[in-house]
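*Asks:* Here the protein sequences come in this chain order: A and B. Note that the first sequence covers residues 215 to 684 in the working numbering. Note that the second sequence covers residues 70 to 331 in the working numbering. Beta carbons: idealized from backbone N, C-alpha and C, even for Gly.
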Amino acid sequence: MATQPELELQRLGTEYKYGFRDPEQYVFKTRKGLDREVVEQISWIKGEPDWMREFRLKALEYFLRRPLPTWGADLSELNFDDIYYYIKPTEKQGRSWDEVPEYIKQTFERLGIPEAERKFLAGVGAQYESEVVYHSLREDLERQGVIFVDMDTAVREYPDLVKQYFGTIVPPNDNKFAALNSAVWSGGSFVYVPEGVRVEIPLQAYFRINAENMGQFERTLIIVEPGGYVHYVEGCTAPIYSTASLHSAVVEIIVKEGARCRYTTIQNWSKNVYNLVTKRAAAYRDATMEWVDGNLGSKVTMKYPAVWLMEPGARGEVLSVAFASDGQHQDAGGKMVHVAPYTSSQIISKSISKGTGRASYRGLVKVHRGAHHVRSNVVCDALLLDEQSRTDTYPYMEIEEEQVSIGHEATVSKVAEEQLFYLQSRGLSEAEAMSMIVNGFIEPITKELPLEYAVELNRLIQLEMEGSVG
Amino acid sequence: MTPEATPLFTIENLHAGIEGKEILRGLDLTINRGEIHALMGPNGSGKSTLAYVIAGHPNYEVYEGRILYKGENILEMTPDERAKLGLFLAFQYPTAIPGVTMANFLRLAVNSVRKARYGEDKALSPREFRRLMREKLAMLRMDESFATRYLNEGFSGGEKKRAEILQMALLEPEFAILDETDSGLDIDALRTVADGVNALFNPSMAMLIITHYQRMLNYIKPHFVHVMLDGMIVASGGPELAEELEAKGYDWLKSEFAEAAS
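(1) Based on Cα-Cα distance, which residue from ALA397(A), THR570(A), LEU289(A) lies nearest to GLU268(A)?
(2) Would GLN617(A) pass as a contact of HIS586(A) if the rule is Cβ separation under 7 Å?
(3) Taking the alpha carbon of GLU213(B) as the reference point, which residue from ASN221(B), VAL182(B), GLU204(B) has its own alpha carbon closest?
(4) Under a CB-based cut-off of 7 Å, is GLN638(A) close to chain B?
(5) Smallest Cα separation from GLY441(A): which of GLY472(A), PHE431(A), LEU460(A)?
(6) Pick helix, strand or coil for MET211(B), following the three-state DSSP scheme.
(7) Cβ closer than 8 Å: which chain A residues qualify as neighbours of LYS153(B)?
(8) Going along the stretch 650–678 of chain A in order, which residues come within less than 8 Å of chain B, judged by CB to CB distance?
(9) From the DSSP output, read off the bridge partner residues of TYR372(A).
(10) Is PHE362(A) closer than 7 Å to VAL405(A) when the C-beta atoms are compared?
(11) Taking C-alpha atoms, which residue in MET237(B), MET146(B), PHE78(B), ALA107(B) lies nearest to LEU332(B)?
(12) Would you mind sorting TRP483(A) into buried or exposed? The rule is 16 or more other CB atoms within 10 Å of its CB.
(13) Contact defined as beta carbons within less than 8 Å: I believe ALA337(B) pairs with SER639(A). What is the distance between those atoms, to the nearest angstrom?
(14) Is there a Cβ of chain A sitting closer than 7 Å to that of ASP149(B), yes or no?
(15) Which class does ILE423(A) belong to by DSSP, given the choice of helix, strand or coil?
(16) Which residues bound the alpha helix (DSSP H) around ASN395(A)?
(17) Considering ARG529(A), what are the terminal residues of the beta strand (DSSP E) in which it resides?
(18) Enumerate, from N- to C-terminal direction, the unbroken alpha helix (DSSP H) stretches of 4 or more residues contained entirely within the stretch 106–146 of chain B.
(19) Please name the residue in GLN560(A), LYS485(A), GLY410(A) whose C-alpha comes closest to that of VAL469(A).
(20) Considering only C-alpha positions, which residue in the set ARG270(A), GLY247(A), ASP249(A), ARG352(A) is nearest to SER257(A)?
(21) Keeping to the same chain, check which residues put their C-beta closer than 6 Å to that of LYS628(A); ignore five residues upstream and five downstream.
(22) Between which two residues does the alpha helix (DSSP H) harbouring SER648(A) extend?
(23) Taking 7 Å as the cut-off, decide whether the C-beta atoms of GLN418(A) and HIS461(A) are in contact.
(24) Given ARG186(B), which residues of its chain have a CB within under 7 Å of its CB, disregarding the five upstream and five downstream residues?
(25) To the nearest angstrom, how far is it from the Cα of PRO242(B) to the Cα of ASP595(A)?
(26) Are the CB atoms of GLU263(B) and ALA216(B) nearer to each other than 7 Å?
(27) Can you tell which of ILE278(B), MET301(B), GLY306(B) has the C-alpha that lies nearest to the C-alpha of PHE160(B)?
(28) For LYS306(A), is the classification buried or exposed, using 16 other Cβ atoms within 10 angstroms of its Cβ as the cut-off for buried?
(29) Can you pull out the residues from the stretch 600–634 of chain A whose beta carbon lies closer than 9 Å to at least one beta carbon of chain B?
(30) Taking the alpha carbon of GLY402(A) as the point to measure from, which residue in ARG412(A), ASN486(A), ILE467(A), THR607(A) has its own alpha carbon closest?
(31) Given this structure, state the Cα-to-Cα distance separating SER558(A) from ALA528(A), to the nearest angstrom.
(32) CB-CB under 6 Å to ALA207(A), same chain, minus the five flanking residues each way: which ones, in chain order?
(33) Starting from the C-beta of GLY300(B), find all residues in its chain whose C-beta is less than 6 Å away, skip the five residues before and the five after it, and write them out in chain order.
(34) Determine the DSSP secondary structure at GLY261(A), reduced to helix, strand or coil.
(35) Use the C-beta contact count for ASP507(A): other C-beta atoms within 10 angstroms, 16 or more gives buried, fewer gives exposed.
(36) Once DSSP output is grouped into helix, strand and coil, what is the label at ALA463(A)?
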């Protein structure tokens, strides 16, 4: 029996004048490539208000006008004409477990992920078990006035809130990929935490039903009213199987006076994916914004979570871990923009490179004129696992004020033979010894993760090691 | 061959070194179960090289000879394979591993060794491990907070040596090498460590104690004492040899050895 959304879809498919529907698989997607027509189709399918359609079309112009950035990772192989920019979620339901590659299944097996969750992660079927969890969670949240829905729903049900904040932190013309996301976004989360409300359990995108959790172009907006607190957790450590080769998300966060927001991501896209993400938060008086960001998967990642410190007392923090294995380039870091005096920030970055993998730290600390008594500290440590692997550091500092305290430390180390020998002499295999050293190296960050994520991250690194050593 | 007939540990004509430079130049040694051997010698005589070669350090090369453990040549084995057979080296300079707690490291080490030696089902549960660890910490008069500290990071010289003996206590080796375990210990710490080692020793195992001075041997009584010079064992005897060395120094042996060699 078809569910309500499916019926809805079928109806849409029949009525839609361009008829982009595959009657056999109920797949609903725009044609490859991107132009005005495609963007209009997306907006039409979603039944969006005019302002959102205009927003998308304007963003498309910015996207087409802007050149491909060349300052970071190599993006020259990206072919924008060979990408589907919108695929209706039913495509997930159409995909069968048999189509998921064997190595992904094996990894799930070894990570000990429950059957239902595996299918969800692989994009197969819906996550029925989580609905139960989600329902009780949602009731609790509703009592507190917290809104936690997918972005498409938010545009329909909370248009005023969305319109007020959407695109204000990351404007559509911010960069080429923010423009792309603004033109074709789909899915992502909308979180609203009312004044004084503390959300005690971490909100996980995973619990949301009927949503495109792992969308190609997801768009997340989080608003924390004064004195509120929320911890949002995105992604998971299991590899996310994706047939699409480009993922470009935008996350915007507003943390108002005295509020605190923590946003945790563990990204483990499959290794064919370009992951180009813009994440930015604005923190107001005495507010705290913390990004905990782990990048393991993908072919290329470019991601620099940012905090704009708008008023005195605001505090920003980025904890970043990147693991670049064979063929991967993780270009990650953080940005702290001190607009107001008496603001403070910290960036701690740990990167690991293995084989032909390359991990780059790229970060910016900017202190605007007038932002005196700013304190900022940047620590970036790189660990190389072998002779071949590579790391680079690009720390940018733009300091326009003199009464500031800015610290920067960077270290590059290799896994010492003596450490490996010592651990092996106690009965650990070379792979076990290697993963123990790596897990120790990133421990300052893993201890900040929810326990189950920390455990999975450690196991995942162990799997990476087993693949490479011996 | 009966187990009694096979020595636990034998070195035959061992020539080994590093980067093409020969340090051990034809070394022979036999150690039986229930025996404690002391290996003494001046700095640079090759004592620590021997310890590393036995444990399987990848930087050392073996040019000739064999090392037999329970009758099996271990030279082709990786360090962890050797550990899983029951070999243990207490390091002179233990390496720090930041971010890895003693407890996490030791539980993995103890269980991988236990599984290899006693069977897959002999791994300790987290609870059993904690109990065992607490017991051994108490034996070595170490604070329980050791368990949550990062492996050897920020440890004082004495703490490092105690931590090595703690590892030995948990890994229950059949053949243990203690490389200069006495260096860096004050007299009280030395006594505690020696008491611990004595308590761990039993007739089914054997130990090789490498030391520069006789001091340690006042607390751990060796059955045999060997003196090493220039990569060879030049004199062997009972405990009285250590006392003689303490009184006369190594120069006496050096000149005697030089005469014999010429």
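*Replies:* Reading off the structure:
(1) The residue among ALA397(A), THR570(A), LEU289(A) with its C-alpha nearest the C-alpha of GLU268(A) is ALA397(A).
(2) Their beta carbons are under 7 Å apart, which means GLN617(A) touches HIS586(A) by this criterion.
(3) Taking only the C-alpha atoms, the option nearest GLU213(B) is GLU204(B).
(4) At a cut-off of 7 Å between beta-carbon atoms, GLN638(A) makes contact with chain B.
(5) When each option's Cα is compared against that of GLY441(A), the closest is GLY472(A).
(6) In this structure, MET211(B) counts as coil in the three-state DSSP scheme.
(7) Chain-order list of chain A residues neighbouring LYS153(B): GLY641, by C-beta distance under 8 Å.
(8) Along the stretch 650–678 of chain A, the positions whose C-beta sits under 8 Å from a C-beta of chain B are MET650, ILE651, ASN653, GLY654, PHE655, ILE656, GLU657, PRO658, read in chain order.
(9) Bridge partners of TYR372(A): none, in fact.
(10) The answer is yes: Cβ separation under 7 Å.
(11) The requested residue 332(B) does not occur in the structure, where chain B is confined to residues 70 to 331.
(12) Its Cβ being crowded by 16 or more others within 10 Å, TRP483(A) is buried.
(13) A query on residue 337(B) cannot be resolved here, the shown segment of chain B reaching from 70 to 331 and no further.
(14) A Cβ of chain A is located within less than 7 Å of the beta carbon of ASP149(B).
(15) Its pLDDT being 35, under 50, ILE423(A) is placed unreliably in this model, and the coordinates cannot settle the point.
(16) Looking at the DSSP string, the run of the alpha helix (DSSP H) that includes ASN395(A) is 390–398.
(17) Unbroken beta strand (DSSP E) run through ARG529(A): 529–538.
(18) Fully enclosed alpha helix (DSSP H) runs of 4 or longer: 116–124.
(19) That would be GLY410(A), whose Cα lies nearest to the Cα of VAL469(A).
(20) Residue ARG270(A) is the option with its Cα nearest to SER257(A).
(21) Closer than 6 Å at Cβ, skipping near neighbours: LEU598.
(22) A small correction: the amino acid at residue 648(A) is Met; Ser does not occupy that position in the sequence shown. Here the alpha helix (DSSP H) through MET648(A) covers 644–655.
(23) No. Outside cutoff.
(24) If the five residues before and after ARG186(B) are omitted, its C-beta is found closer than 7 Å to the C-beta atoms of LYS153, GLY155, all from its own chain and listed in chain order.
(25) Roughly 37 Å between the two C-alpha positions.
(26) Residue identity check: residue 263(B) is Ala in the sequence provided, not Glu. No. Outside cutoff.
(27) With distances taken between Cα atoms, PHE160(B) lies closest to ILE278(B).
(28) Note on LYS306(A): pLDDT 40, under 50, position unreliable in the model; the coordinate value appears next. Flag for LYS306(A) reads buried.
(29) Against chain B - using a Cβ distance shorter than 9 Å - the residues of the stretch 600–634 of chain A are ALA630, GLU631, GLU632, GLN633, LEU634.
(30) Ranking the options by Cα distance to GLY402(A), first place goes to ILE467(A).
(31) Cα atoms of SER558(A) and ALA528(A): separation of roughly 7 Å, rounded to the nearest angstrom.
(32) Examination of residue 207(A) is not possible in this model, given that chain A is present from 215 through 684 alone.
(33) Spatial neighbours of GLY300(B) in its own chain (CB-CB distance under 6 Å, excluding positions within 5 residues in sequence) are listed in chain order as ILE92, LEU93, ARG94, GLY115.
(34) Three-state DSSP puts GLY261(A) in coil, outside helix and strand.
(35) Under this definition ASP507(A) is a buried residue.
(36) Reduced to three states, the DSSP call for ALA463(A) is coil.
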